[in-house]
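Visitor: I have a structure I would like to understand better, so I am pasting it below and will then ask my questions one at a time.
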Amino acid sequence: MPFEEMRLKLVDLIDTLMEILENSEEYRAFLMDGQAIILEDYLEIKPQNGEHLKKLISSGRIQVGPWYILPDELLISGESHIRNYIEGKKVCSRLGGGLEIGYLPDSFGHPAQMPQILKGLGMDTIVFWRGASHDIDKTEFVWRAMDGSEILGIHMPFGYGNSAYLSRDMSVTLPRVKRLTGELSRLSNTGVVLLMNGSDHVFPQRDLPGIIKGLKKEMLETGIDIHHSTLTEFVDAVKSGLGNSYEKLKIIEGELRYTHRSLLLGGTLSTRMYLKQLSHVVEKNIERYVEPFCVFDVINGGKYPKDAIVYGWKNILKNHPHDNICGCSVDSVHDDMVARYERIIQLENDLMNRAMKSMAGKITSRFEFDACITVFNPVQETRSEYIEVEADLDRMLVLAVDYAKSTLEDTEDSIEHPPLPEGVEVYDSTGNSLEAVLLSAWKDYEMVKSDHTLPEIYKVNRCRIGLYAKELPALGYTTFYIRKSSKNIPGQGIGTGEAITRDEIIIENAIIENVIIENEYYIVVPEPSGTFRVTDKLAGHVYTGCNNFVDGGDAGDEYTYSYPEKDSFFGLDRSSIKVSTLKAGDLVQQVTVEGILNLPESLTGDRKERASFFVPCPVKATVTLKKGEKLVRFKTEIINRAKDHRLQVFFPSGVLSDKSHAESQFCVVSRDIEPDMTVDWVEIPPTAHPHKGFVDVNDGTRGAAVITRGLSEFEVRNMDGQSWIAITLLRCVGWLSRNDLLTREGNGGWPLETPGAQCLGEFCFEYAFMPHGRTWEDAEIYKISDSFLHPVKYVQCHDFSREKPDRMSFIGHVTGSCRVSAVKGAENGDGYIARFYNISTRPVNAAIVLGFDISSAEETTLDERKIRDLEVNGREITLEMRKG
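The opening residue of the sequence shown carries number 721 in this note's numbering; numbering runs sequentially from there.
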């Protein structure tokens, strides 16, 4: 349902529940589905009922939390899981207390590190439904994370609504409950079993106490005692029943993403991919830019905007419920999400720019300059790379308020725009000249918004400059000084002596050998199919068929991919392909392939094959090589006009392997490339998997990785003698659910049409390819992925207070496999939190060297409770970290 329609139903439900609880002491308690946001939604409509609600929660009659929202666990970041608990706990605490059980009943699979996350948040139990394998043959087991953390797992084999809508007719209800308790008892280690009287959106049953009385009387004769209880009391009873046998429980390791016993609905990893891309943007913005930059600004004398950051996080989390971020709702739900994402991005950009401008405005500038750019590096490694910046030169005020006259004074006509600069020179903070190129220059206007005056407008000469930025400080900033120069004209590189060149060529059934781009590491040549040949210059390996578009039919729904009975596949139309190049000396080189994907308009009426009428889908794929960078960057733009299809892009690994490796929440997960298809399943075992950054295939001697920005689904296919990495770009379907899929039994939800899920329109995708030696760990792919996913940011400042150095690293060194996850203000307002995790498969003694003085340091839990004091040696802290 649309949000407000659903909220009115929620209000009626909670009103009904409170009335039942007030009038029936026998109605023991009600569970609010594990999330706290619904209390905020309710109280926005009925704030006058806050104390009444708090009284029922405090007394244990209503159980809420522990989460703010019930998330999809695989599509959101590890940090989002932590903040979801923290924000949920705040709401629960204000309203009388919350659940302290990892209740995750309907997530579409569970990541490998969830036991460590839960344990770090103070919870030792997970209660869940989806994702269990046949190896989980009892309802209780021990789930072990990759670092060795263990929690109690309690599986609900028949779902979280196994006893919903019980009839008052005992001839109906008694056999149902006897059958259910019998089946659950056979699966239980303790004889304590869980009946769940409710489901999505279902109101509480007023007559439940009477039904329980009837059942209690009948069931006692069979030796079964039935109680109206709470989830907390159930878990306590299970733990008590396990007693000393806890150590005898089966130990399960790794992620829980199996389709043996329940629908996993894994197609949601790529449904409405635009939502996943937006989620990636807002998570990265707040985790790696807004919070750290605001902390660094405080260290430099600024103020931490905690309330605005919390507001941002809560809005991000509002888009993370599993039916939201998974894209499996009606169109109006996802339209609301996009609008919310746009507002979040506005907030994040302003917070980020405020912090950067505050820091940049305090620097001591060492040189005379025409423009000053402060560049911020959000990653923990010092980096040197080609970047592009825009700088305004020759500022002249042309529009401002004359407060004495209360008029808007326009001097536009009396002030001439000065000539555009012929060239630029760029210097670092030590005065060294940098390689740079004036890419373009144009006359423009700048609006300056101030807290103390109304907006003012300046004439400017705006320049786009490419430069090789050397030694950008780790988790810090540096300043570059720009001067106008007559040494070169726009488009000619400084230090390279080579002008920018652009060429356009038509490819006709042959590789054009002179159409190449090249840096220290790679040679890239376009191929007649529209793919690219990549040569690894150092290793001598050649990779053909890179960036190969493969489009197949999709007869599935928002929940699940399903191939049509008779599928057909398409790539770029060779006759449509055009190639162009752009080169700026050795700083940056690009080659662009443009062509048409001629795709079937949709499926046929019976949905068994793809239609015979075709629509053109223009594609533009740009490959970029930067000086000094070990990545081959790709940017693909497409106008999608086709329905009922899945578009993937393939890359060769150069090796044949049986395992893939993919970045996940706080770890790298290894998976079998070929799933076991021999076991019973209710949904075809997944060959497509989630990832949160890079995907890698290697044979121990060499391999290749693909890194993506917000493209959350991948496959690895073994064909033609090697393993190919396939990244899903689009999955286009028109139904929320259908019951005619070849890859799933029955419906996943309600059969509603969702035309928005066809994803018609313009899309842009960014990803990178990197061949390497040995394994992902040996090649430190995580470092290169970190830099690709977190590009530098910059601001231009005009006024300076000259208080701080023009170059600074706030966290100057972190041991490589110890990765930064967050730098933020502490929740209690006292000090700052820096969170790290070990991505390596081996334990590590990590050293962290700060760029500023500290008085003390503590180790905390994930929800920021103190564990112990840490020894501080000057500015250095050492940590012993278990494997990831």
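Note that beta-carbon positions come from the ideal geometry of N, C-alpha and C, so glycine has one too.
Under 8 Å, do Leu841 and Asp1589 count as touching if we go by C-beta distance?
Guide: If you number the sequence shown from 1, residue 841 lands on position 121. If you number the sequence shown from 1, residue 1589 lands on position 869. Not a contact, by the Cβ cut-off of 8 Å.
Visitor: Give me the Cβ distance between Lys1412 and Glu1383, rounded to the nearest whole Å; I'm assuming they're in contact under 8 Å.
Guide: Against the sequence shown, residue 1412 aligns to sequence position 692. Against the sequence shown, residue 1383 aligns to sequence position 663. Confirmed, Cβ separation roughly 5 Å.
Visitor: Tell me, please, which residues DSSP counts as bridged to Gly1420.
Guide: For the purposes of this step, residue 1420 is identified with residue 700 of the sequence shown, where counting begins at 1. None; Gly1420 has no bridge partner.
Visitor: Look at Lys1169 and His1137 and say whether their C-beta atoms are less than 8 Å apart.
Guide: Position 449 of the sequence shown, counting from 1, holds the residue named residue 1169. Position 417 of the sequence shown, counting from 1, holds the residue named residue 1137. No, Cβ-Cβ distance for Lys1169 and His1137 is not below 8 Å.
Visitor: Run the CB neighbour count on Ile1404, radius 10 Å, all protein chains shown included, and call it buried at 16 or more, exposed below.
Guide: Position 684 of the sequence shown, counted from the first residue, corresponds to residue 1404. Classification of Ile1404: buried, given that the 10 Å Cβ count is 16 or more.
Visitor: Which of helix, strand or coil does DSSP assign to Asp712?
Guide: Residue 712 lies beyond the residue range present for the chain, which begins at 721 and ends at 1604; the question has no answer from this structure.
Visitor: Gly1265 and Arg1354 - do their beta-carbons sit closer together than 8 Å?
Guide: Your numbering for residue 1354 matches position 634 in the sequence shown. Your numbering for residue 1265 matches position 545 in the sequence shown. Inspection of the sequence shows that residue 1354 is occupied by Phe rather than by Arg. Contact: no.
Visitor: Would you check if the region 1494 to 1503 and the region 1063 to 1079 touch, i.e. whether three or more CB-CB distances between them fall below 8 Å?
Guide: No: the two stretches stay apart, fewer than three of their Cβ pairs being nearer than 8 Å.
Visitor: Can you find the residues in the same chain that come closer than 8 Å, C-beta to C-beta, to Glu1068, ignoring five residues on each side of it along the sequence?
Guide: Here the question's residue 1068 lines up with position 348 in the sequence shown. Hits under 8 Å: Val1002, Asn1005, Ile1006, Tyr1009, Val1010, Gly1032.
Visitor: What are the start and end residues of the beta strand (DSSP E) that includes Pro1338?
Guide: Translated into the one-based positions of the sequence shown, residue 1338 becomes position 618. Here the beta strand (DSSP E) through Pro1338 covers 1334 to 1346.
Visitor: Would you give the residue range spanned by the alpha helix (DSSP H) that Lys772 belongs to?
Guide: As a first step, residue 772 must be located in the sequence shown, where it is residue number 52. As written in the sequence, residue 772 is His, which differs from the Lys given in the question. First-last of the alpha helix (DSSP H) with His772: 770 to 778.
Visitor: Run the CB neighbour count on Lys809, radius 10 Å, all protein chains shown included, and call it buried at 16 or more, exposed below.
Guide: For the purposes of this step, residue 809 is taken as the residue at position 89 of the sequence shown. Under this definition Lys809 is a buried residue.
Visitor: Is the beta carbon of Ala1194 closer than 8 Å to that of Val1352?
Guide: For this step, residue 1352 is matched to residue 632 along the sequence shown. For this step, residue 1194 is matched to residue 474 along the sequence shown. Not a contact, by the Cβ cut-off of 8 Å.
Visitor: Where does Met1397 fall in DSSP's three states?
Guide: In the sequence shown, the residue the question calls residue 1397 occupies position 677. Note: Met1397 maps to coil in three-state DSSP.
Visitor: Starting from the C-beta of Asp753, find all residues in its chain whose C-beta is less than 7 Å away, skip the five residues before and the five after it, and write them out in chain order.
Guide: The count along the sequence shown starts at 1 and reaches residue 753 at position 33. The answer, listed in chain order, is Leu790.
Visitor: Just to confirm, is the Cβ distance from Arg1086 to Ser1149 under 8 Å?
Guide: Your numbering for residue 1086 matches position 366 in the sequence shown. Your numbering for residue 1149 matches position 429 in the sequence shown. Result yes, Cβ atoms of Arg1086 and Ser1149 sit closer than 8 Å.
Visitor: Taking the CB atoms as reference points, tell me whether Cys1387 and Met866 lie closer together than 8 Å.
Guide: Translated into positions along the sequence shown, residue 1387 becomes position 667. Translated into positions along the sequence shown, residue 866 becomes position 146. Closer than 8 Å, so yes.
Visitor: Beta carbon of Lys1286, beta carbon of Glu1321: below 8 Å?
Guide: Taking the first residue of the sequence shown as position 1, residue 1286 is located at position 566. Taking the first residue of the sequence shown as position 1, residue 1321 is located at position 601. No, Cβ-Cβ distance for Lys1286 and Glu1321 is not below 8 Å.
Visitor: Are at least three pairs of beta-carbons, each pair with one atom in the region 992 to 999 and one in the region 1416 to 1426, less than 8 Å apart?
Guide: Flag = no, the region 992 to 999 and the region 1416 to 1426 do not touch.
Visitor: Around the Cβ of Met876, are there at least 16 other Cβ atoms within 10 angstroms (buried) or fewer (exposed)?
Guide: Here residue 876 refers to the residue found at position 156 of the sequence shown. Buried, because 16 or more other Cβ atoms sit within 10 Å of the Cβ of Met876.
Visitor: Looking only at its chain, what residues have a beta carbon closer than 6 Å to the beta carbon of Thr1448, apart from the 5 residues adjacent to it on each side?
Guide: In the sequence shown, counting from the first residue as 1, residue 1448 sits at position 728. These residues qualify, in order along the chain: Ser990, Gln1368, Glu1433.
Visitor: Hey, could you find the ends of the beta strand (DSSP E) Arg1060 is sitting in?
Guide: In the sequence shown, counting from the first residue as 1, residue 1060 sits at position 340. Segment 1051 to 1080 is the alpha helix (DSSP H) holding Arg1060; no beta strand (DSSP E) there.
Visitor: Whole angstroms are fine: how far does the CA of Ala1120 sit from the CA of Thr1131?
Guide: Stepping through the sequence shown from its first residue, residue 1131 is reached at position 411. Stepping through the sequence shown from its first residue, residue 1120 is reached at position 400. Near 9 Å, if we compare the C-alpha coordinates of Ala1120 and Thr1131.
Visitor: Between which two residues does the beta strand (DSSP E) carrying Met1116 extend?
Guide: Walking along the sequence shown from the start, residue 1116 turns up at place 396. From DSSP, the beta strand (DSSP E) with Met1116 extends over 1103 to 1122.
Visitor: So does the region 1481 to 1495 actually touch the region 1308 to 1322, counting three or more Cβ pairs closer than 8 Å?
Guide: The region 1481 to 1495 is not in contact with the region 1308 to 1322.
Visitor: Per DSSP, what kind of secondary structure is Arg727 in: helix, strand or coil?
Guide: On the sequence shown, position 7 is the one that residue 727 refers to. Arg727 falls in the helix class under three-state DSSP.
Visitor: Taking the Cβ atom as the reference point for each residue, do Ile946 and Leu928 lie within a distance shorter than 8 Å?
Guide: As a working mapping, residue 946 is identified with position 226 in the sequence shown. As a working mapping, residue 928 is identified with position 208 in the sequence shown. Cβ atoms of Ile946 and Leu928: not closer than 8 Å.
Visitor: Leaving out the 5 sequence neighbours to the left and right, which residues in its chain are closer than 7 Å to Asp1090 when beta-carbon positions are compared?
Guide: The residue labelled residue 1090 in the question sits at position 370 within the sequence shown. Hits under 7 Å: Leu1113, Ile1202, Arg1203, Lys1204.
Visitor: Helix, strand or coil: which one does DSSP assign to His1381?
Guide: Here the question's residue 1381 lines up with position 661 in the sequence shown. His1381 falls in the strand class under three-state DSSP.
Visitor: Looking only at its own chain, which residues have a Cβ that is under 6 Å from the Cβ of Asn909, when we skip the five neighbours before and after it?
Guide: By one-based count along the sequence shown, residue 909 stands at place 189. Same-chain partners within the cutoff: Lys858, Glu860.
Visitor: If you draw a straight line from the C-alpha of Ser887 to the C-alpha of Met916, how long is it?
Guide: The count along the sequence shown starts at 1 and reaches residue 887 at position 167. The count along the sequence shown starts at 1 and reaches residue 916 at position 196. Distance between the alpha carbons of Ser887 and Met916 is about 14 Å.
Visitor: Kindly provide the ranges of any alpha helix (DSSP H) runs that are 4 or more residues long and lie completely inside the region 1234 to 1288, ordered along the chain.
Guide: Counting only runs of 4 or more, we get nothing.
Visitor: Within the continuous alpha helix (DSSP H) that includes Ala1028, where are the two ends?
Guide: Along the sequence shown, one-based indexing puts residue 1028 at 308. Run containing Ala1028: 1026 to 1038, per the alpha helix (DSSP H) assignment.
Visitor: Where Arg1602 and Asp1506 are concerned, what is the direct C-alpha to C-alpha distance, given to the nearest angstrom?
Guide: Here residue 1602 refers to the residue found at position 882 when the sequence shown is read from its first residue. Here residue 1506 refers to the residue found at position 786 when the sequence shown is read from its first residue. Distance between the alpha carbons of Arg1602 and Asp1506: 21 Å.
Visitor: Helix, strand or coil: which one does DSSP assign to Phe1016?
Guide: In the sequence shown, the residue the question calls residue 1016 occupies position 296. Note: Phe1016 maps to helix in three-state DSSP.
Visitor: Less than 8 Å between the CB atoms is what I'm expecting for Ser1282 and Leu1509, so what's the real figure, rounded?
Guide: Along the sequence shown, one-based indexing puts residue 1282 at 562. Along the sequence shown, one-based indexing puts residue 1509 at 789. Between Leu1509 and Ser1282 the Cβ distance is about 31 Å, and since that is not below 8 Å, they are no contact.
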